[in-house]
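In our numbering, the protein residues as written are 189 to 448.
C-beta: ideal position from N, C-alpha, C; glycine also.
Single-structure report; data block below.
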Ligand SMILES: NS(=O)(=O)c1ccc(NC(=O)NCCCCO)cc1
Ligand SMILES: [Zn+2]
């Protein structure tokens with residue numbers, strides 16, 4: 189049977205009716221003039237070991253690059269963080285067009301895509317699964333992507349995507365340094381307390397959203413859109429696009445900025 193690819197605007201999963209707590213959900217719109225400059229916020233200190241990179245796979249929501257998080261070899265500290273957090277994976281969210289795709293917005297401005305580097309508090313917990321249930325368990329660095337010049341460091345990752353087109357496909361992926369995906373300036377960021385943006389939506393994330401974006405080419409982003417939400421045996425194949433959650437209400441939270 190001929191399989192055809194759909195790209196629909198429907199969200200990839202149904203928003204639950206009730207969310208535990210529900211007053212610190214992510215993503216949000218960052219209203220720049222309402223963010224509070226906090227001079228106590230330090231620069232972020234990332235220390236990533238490319239040799240801890242293990243695999244790249246399609247989990248049916250996005251594609252994830254997973255790192256060995258059994259030691260403190262790839263970590264982030266500083267910024268708003270009191271502890272050291274271990275990198276476990278990074279992934280992206282994107283749209284079917286360059287006009288939208290990011291999860292966070294800045295004064296309602298949408299970006300074509302957003303990178304999330306996911307870390308868990310290894311000073312306090314011994315597993316991601318434990319940390320994900322705790323208030324200060326996770327730290328996620330968000331980086332906006334804009335369409336422009338080709339990102340040389342990203343190309344190694346783009347070249348691996350055709351091998352993981354379908355949900356649940358995994359390939360080995362080594363020696364990738366996630367630091368190459370960070371903007372040149374990581375001192376300027378917004379930070380707030382929020383949640384995971386996909387189920388289980390747990391409210392355990394300290395978000396650090398970079399002010400400076402990175403640039404990737406139109407063609408590189410087009411390869412993201414060639415991925416599928418669906419597994420190989422499914423009759424109808426759905427294009428992996430618009431895998432972002434809609435903005436959530438701030439519920440009185442303060443967004444702090446590390447820059448004035
Ligand atoms: N988009 S987001 O808020 O950055 C995000 C990050 C992690 C997760 N969940 C996650 O990583 N679960 C996998 C747990 C495997 C532990 O090794 C969901 C959403
Ligand atoms: Zn994410």
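Cβ separation of residue i and residue j, assumed to be a contact under 8 Å, to the nearest whole Å
i	j	result
residue 402	residue 293	Contact flag wrong, Cβ pair sits at about 17 Å.
residue 325	residue 392	4 Å
residue 396	residue 327	7 Å
residue 353	residue 405	The Cβ separation is near 20 Å, so there is no contact.
residue 296	residue 379	Not really, about 20 Å apart at Cβ, beyond 8 Å.
residue 415	residue 349	6 Å
residue 229	residue 268	6 Å
residue 386	residue 433	7 Å
residue 312	residue 271	6 Å
Buried or exposed by the 16-neighbour rule on C-beta atoms within 10 Å, applied to residue i
i	result
residue 356	exposed
residue 190	With a pLDDT of 42 at residue 190, under the threshold of 50, the modelled position of this residue cannot be trusted, and the question is left open.
residue 245	buried
residue 291	buried
residue 319	buried
residue 315	exposed
residue 209	exposed
residue 204	exposed
residue 340	exposed
residue 373	exposed
residue 359	exposed
residue 308	buried
residue 149	No answer is possible for residue 149: the residues shown for the chain start at 189 and end at 448.
residue 306	buried
residue 263	buried
residue 215	buried
Residue i - DSSP class collapsed to helix/strand/coil
i	result
residue 256	coil
residue 411	helix
residue 279	strand
residue 349	helix
residue 364	coil
residue 401	coil
residue 333	strand
residue 232	strand
residue 246	strand
residue 381	strand
residue 441	coil
residue 338	coil
residue 433	coil
residue 356	coil
residue 370	coil
residue 264	strand
Determine, using beta-carbon pairs with one atom in the segment 322 to 332 and one in the segment 251 to 258, whether at least three such pairs fall under 8 Å. Short answer: they don't touch.
Is the segment 417 to 424 in contact with the segment 224 to 244, if contact means three or more CB pairs nearer than 8 Å? no
Please determine if the segment 266 to 285 and the segment 363 to 382 are in contact, where contact requires at least 3 C-beta pairs separated by less than 8 Å. yes
Pairing CB atoms from the segment 343 to 359 with CB atoms from the segment 213 to 232, are three or more of them under 8 Å? no
Where in the segment 294 to 327 do unbroken runs of the beta strand (DSSP E), each at least 3 residues long, occur, reported from the N-terminal end onward? 301 to 309
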